[in-house]
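There are 2 protein chains.
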Amino acid sequence: MKYKIAIIGFGTVGQGFAEILAEKGDWLKERYGLDFDVVAISDPVKGAVYKEKGLELKKTLSLITQGFSLDKYSGGIKGWDSERTITDTNSNVIVEVSPTNIETGEPGITHIKSALSNKKHIITTNKGPVALAYRELAKLAYENEVFFRFEGTVISGTPALNLGLEALAGIRIREIKGILNGTTNYILTEMEKGKTYEEVLQEAQRLGYAEAKPDADVEGWDALAKVLILANVVMGGNLKPQDVERKGITGISVQDIQEAKSDNKRYKLIGRVWRENGQIKASAKPERLGVEDFLAQVNGVLNVLTFVTDELKEVTIVGPGAGRRETGFSLLTDLLNIHRLLEKSSSTIDPSRIVTC
Amino acid sequence: MKYKIAIIGFGTVGQGFAEILAEKGDWLKERYGLDFDVVAISDPVKGAVYKEKGLELKKTLSLITQGFSLDKYSGGIKGWDSERTITDTNSNVIVEVSPTNIETGEPGITHIKSALSNKKHIITTNKGPVALAYRELAKLAYENEVFFRFEGTVISGTPALNLGLEALAGIRIREIKGILNGTTNYILTEMEKGKTYEEVLQEAQRLGYAEAKPDADVEGWDALAKVLILANVVMGGNLKPQDVERKGITGISVQDIQEAKSDNKRYKLIGRVWRENGQIKASAKPERLGVEDFLAQVNGVLNVLTFVTDELKEVTIVGPGAGRRETGFSLLTDLLNIHRLLEKSSSTIDPSRIVTC
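From first to last, the protein sequence lines stand for chains A and B.
Numbered per the working numbering, the first sequence spans residues 13 to 369.
Numbered per the working numbering, the second sequence spans residues 13 to 369.
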């Protein structure tokens with residue numbers, strides 16, 4: 013099967029994904045037998061172009077880099093909005109990377125419903141729809157016999173969801189806990205050196221780790237969304253945002269951090285999901301951990317997730333939690349995982365491909 | 013498809029696997045739609061029994077616990093050796109858990125070839141065959157259109173191979189490094205407290221972390237086998253044991269460890285695979301790491317593996333590296349991964365199963 017991809021949203025993540033496809037196309041075909049074209053890109057600001065036989069990705073990226081709209085692409089149909097791009101193109105895989113809205117999930121939810129109803133696979137890094145509407149969307153995917161994958165919604169391309177759902181298949185997960193937001197982890201790490209919250213926030217904004225309006229990160233909304241995804245997708249819960257105890261890091265002073273330090277403790281914004289009396293519970297809030305705790309040893313923008321299980325006790329994964337390429341890469345992982353299932357390859361790896369990796 | 017399993021070898025790992033199946037059977041059916049019977053068990057010491065319609069696992073385990081042979085099982089055919097059990101039973105999945113031999117790979121290699129030639133899936137935790145004959149066995153699996161999986165050969169059930177091969181699909185791995193042997197990590201961790209090698213070895217033997225004849229662990233043979241598997245399976249190499257630099261920990265004195273400590277360093281037995289001038293290189297030997305190094309912070313019997321990659325920089329997984337249930341569990345993971353591919357399920361998860369997890 014040839015994957016005909018339409019990319020909805022062409023911001024940082026969409027561009028990162030397009031870069032990876034442009035660079036790795038030949039290798040992906042040789043190594044995994046992955047055959048694809050990006051046939052359409054639609055972004056309300058950066059323009060839209062559709063070409064049935066496939067776009068030249070390098071050309072689309074170069075237009076954006078030079079500050080032009082995709083409408084300047086030579087050839088193809090221009091100006092189709094997201095809805096028309098999802099429904100009327102010859103695409104069979106929709107990559108939904110429109111901006112995240114954790115309150116409404118829109119426009120992501122609408123895009124995803126439209127794709128699934130049209131029997132097109134969905135790959136997304138958009139946290140809103142998965143955090144707010146997972147069950148409904150998973151049901152729609154199942155009914156339409158297409159895949160709905162979203163590895164990049166938790167810890168970017170670091171395969172947290174693949175680990176919990178597939179690599180660890182057969183395990184019973186008692187609890188999931190971790191550092192799910194790099195911005196706040198960077199701020200807390202730097203504050204331990206004696207800097208104030210305001211100083212470090214400015215530094216983080218200069219380095220691109222924090223947004224100009226940093227509330228989604230520092231008030232714990234981003235961690236909350238990821239906790240909801242872990243609770244509802246991996247642990248089988250059905251939680252809504254108001255079911256999760258959420259607290260940001262803005263109330264933590266340098267003095268609090270120094271006091272913790274002298275107690276051999278360290279503040280971390282911890283996302284946590286656990287079972288209690290047959291129910292799934294979750295929180296996203298600062299916790300004082302012992303410095304010898306594994307989670308306390310993950311500093312800076314790194315993220316970490318620990319699965320507390322029946323058969324393996326604790327299994328922990330550490331990796332980057334954000335970034336243009338890191339998040340863009342998660343979309344490729346999802347595509348390759350769909351491909352492996354559709355390909356029905358009978359062996360772990362075709363040995364003729366071993367030597368080329 | 014109903015999986016009809018024959019277990020070849022009924023030592024610790026085989027029993028751990030049988031325990032898990034006995035306890036989780038109903039849940040596995042409900043959660044994953046996994047339908048299975050264990051139809052045969054064959055062990056040269058513990059006896060052999062074959063029952064076409066499936067054995068009662070609890071009865072087989074109870075016989076072993078009471079010190080009886082499987083020949084005492086009421087009903088079924090007794091006394092078939094491994095070869096006959098592989099070829100002549102109605103099994104379609106062979107679980108190969110006979111003793112590991114890192115020099116010859118036998119009897120594992122013969123068992124695996126026999127199963128694959130008879131178009132039966134192979135799941136194994138036996139390091140010898142994978143370390144010594146991976147390419148040949150993978151080719152045979154491919155030609156016979158069956159699966160050959162061996163998650164438990166590296167870091168027991170902690171999904172190191174699934175992570176490198178599947179969860180991280182699409183990544184280019186530049187280097188793999190880690191602590192692959194829990195026995196030596198325990199010994200080195202305890203020696204840092206000032207105890208001698210001999211003291212700690214005895215302690216480890218008492219705790220069941222080290223064998224009476226500890227050479228496979230302390231001379232680095234076990235780590236070497238795992239390094240070969242990572243090099244040849246995950247990195248596409250074609251290395252033989254003599255291509256890998258191997259050194260054990262028996263030459264490390266308490267004084268060496270204290271000297272390292274005063275330099276802010278820590279000895280770890282590190283398995284390492286990397287690319288150099290277009291070739292795959294590997295080593296398994298003690299290294300002095302800075303104490304701030306993530307690998308240096310993993311102590312005791314825990315194992316850790318870091319993938320150094322193009323898109324995600326470093327991704328690290330930490331988990332148990334040995335144990336009856338931990339290693340037995342890896343076989344279930346492999347079975348469920350085969351099941352997912354054969355089932356061709358069209359959605360990430362059948363939502364009707366979500367609530368039951």
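All C-beta atoms, glycine included, are put in the ideal place defined by N, C-alpha and C.
A/Leu-301 carries a strand assignment under DSSP once its states are collapsed to helix, strand and coil. Membership of A/Thr-345 in the alpha helix (DSSP H) is indicated by the continuous run 336 to 355.
Proximity of chain A to B/Val-105 at the Cβ level (cut-off 9 Å) is not reached, the minimal Cβ distance being about 14 Å.
By the criterion of a C-beta distance shorter than 6 Å, B/Lys-293 is surrounded in its chain by Trp-286, once the five residues flanking it on both sides are discounted. Assignment of A/Asn-174 by DSSP, reduced to helix, strand and coil, places it in the helix class. Excluding residues up to 5 positions away in sequence, Gly-21, Val-25, Gly-26 and Thr-137 lie with their Cβ nearer than 6 Å to the Cβ of B/Val-109 in the same chain. When beta bridges are read from the DSSP output, A/Lys-259 appears opposite no residue.
The closest CA to that of A/Asp-255, considering only A/Met-247, A/Lys-207, A/Leu-236 and A/Gly-248, is found on A/Leu-236. The stretch 292 to 308 of chain B makes no contact with the stretch 158 to 167 of chain B, as fewer than three CB pairs between them are under 8 Å. Remark: C-beta atoms of B/Val-142 and B/Ile-241 approach each other more closely than 8 Å. For B/Asn-315, the secondary structure class from DSSP, reduced to helix, strand or coil, is strand. The three-state secondary structure of A/Asp-93, taken from DSSP, is coil.
For B/Ala-127, the nearest beta carbon of chain A is not closer than 8 Å to its own beta carbon. Judged by DSSP secondary structure, A/Thr-201 falls within the alpha helix (DSSP H) whose first and last residues are 194 to 203.
A/Ala-145 places its beta carbon 8 Å or farther from that of A/Ile-114. A/Ala-52: not part of any alpha helix (DSSP H); member of the beta strand (DSSP E) spanning 48 to 55, first to last residue. The count of Cβ pairs closer than 8 Å, one atom from the stretch 92 to 104 of chain A and one from the stretch 119 to 133 of chain A, reaches three, so the stretches are in contact. Under the Cβ distance rule, A/Leu-40 counts among the residues neighbouring chain B, one pair being separated by less than 8 Å.
When the alpha-carbon of A/Ile-53 is set against those of A/Asp-93, A/Arg-184, A/Glu-31 and A/Tyr-209, the nearest one is in A/Asp-93.
Neighbours of A/Lys-325 in chain B, taken as residues whose beta carbon is under 7 Å from its own, are Pro-332 in chain order. Under DSSP, A/Arg-161 forms a beta bridge with A/Ile-135. By the beta-carbon neighbour count (other beta carbons within 10 angstroms, threshold 16), B/Arg-218 is exposed.
Contact annotation, B/Ala-296 with B/Gly-232: C-beta distance approximately 5 Å; criterion of less than 8 Å satisfied.
Annotation for A/Leu-82: Phe-22, Ile-53, Asp-55, Lys-58, Gly-59, Ala-60, Val-61, Thr-72, Leu-75, Ile-76 and Lys-90 place their beta carbon closer than 8 Å to its own, counting only its chain and skipping 5 residues before and after. Taking a beta-carbon distance threshold of 8 Å, A/Pro-141 does not count as an interface residue toward chain B. By the neighbour-count definition (other C-beta atoms within 10 Å, threshold 16), A/Asn-276 is an exposed residue. If you draw a straight line from the Cα of A/Thr-345 to the Cα of A/Gly-335, it comes to about 15 Å.
Contact of A/Arg-218 with chain B is not assigned, every C-beta pair being separated by 8 Å or more.
Chain B has no Cβ within less than 8 Å of the Cβ of A/Thr-24. The beta-carbon of A/Leu-344 is placed less than 8 Å from the nearest beta-carbon of chain B. Here A/Phe-80 is exposed. Its C-beta has fewer than 16 other C-beta atoms within 10 Å.
Contact between B/Tyr-221 and B/Thr-262 fails: their C-beta atoms lie close to 16 Å from each other, not under 8 Å. Annotation: B/Phe-80 has no Cβ neighbours in chain A at a cutoff of 9 Å; minimum Cβ distance is about 27 Å. Bounds of the beta strand (DSSP E) holding B/Lys-16 are 15 to 20. No Cβ-Cβ contact shorter than 8 Å links B/Leu-67 with B/Ala-34.
Nearest CB-CB separation between B/Leu-180 and chain A: below the 8 Å threshold.
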